[in-house]
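Novice: Position one of the sequence shown corresponds to residue 1 (my numbering), numbered consecutively onward. Even for Gly, the Cβ is constructed at its ideal location relative to N, Cα and C. In this text, all values refer to a predicted model and were calculated from it rather than measured experimentally. One structure coming up, written as structure tokens, with questions to follow.
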Amino acid sequence: MVILYIKKMSRIKLMKKLSKTNFQKVVNYIKRNGRELDQRLFSSYFENGTKEDVLKELKKYQNNDGGFGHGIEPDFRSPSSSPIATTMAIEYL
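Shown next, in the form of structure tokens:
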């Protein structure tokens with residue numbers, strides 16, 4: 001099982017878990033529909049992926065000015081560097 005989050009009830013913290021079946025559905029969805037970056041991030045967290053694989057993908061979103069753009073944040077698809085897109089890249093690190 002995979003722990004998704006911790007929810008506080010009264011004074012007791014309960015861990016919510018995802019069944020192996022549902023986790024496999026997540027894996028399949030990301031592998032079918034995720035961007036290369038999403039797939040590399042997932043792999044680095046849950047499989048044998050490396051940080052170097054993630055960095056290689058992140059570089060594809062980086063502009064010459066050092067900022068990030070090119071749709072790194074799926075709801076903000078400007079190719080130009082922006083604080084929002086650059087913040088997302090930093091969060092991925």
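Between the C-alpha atoms of E73 and F23, what's the straight-line distance to the nearest angstrom?
Specialist: Going from the Cα of E73 to the Cα of F23 covers about 24 Å.
Novice: Y61 to K51, Cα distance in whole Å?
Specialist: Taking the straight line from one Cα to the other gives about 16 Å.
Novice: Going by the DSSP bridge assignment, what does E73 pair with across the sheet?
Specialist: E73 pairs with F76.
Novice: Check whether the Cβ atoms of G67 and A85 lie closer than 8 Å to each other.
Specialist: Contact: yes.
Novice: So is L93 buried or exposed if we call it buried at 16+ other beta carbons inside 10 Å?
Specialist: By the neighbour-count rule (16 or more Cβ atoms within 10 Å), L93 is not buried but exposed.
Novice: Which residues bound the alpha helix (DSSP H) around S81?
Specialist: First-last for S81: undefined, no H or E at that position.
Novice: For G71, which residues of its own chain have a beta-carbon under 7 Å away from its beta-carbon, when the five flanking residues on both sides are left out?
Specialist: Cβ within range, chain order: R77.
Novice: Among all the DSSP beta bridges, which residues are the ones paired with Q39?
Specialist: Answer is none; Q39 lacks a bridge partner.
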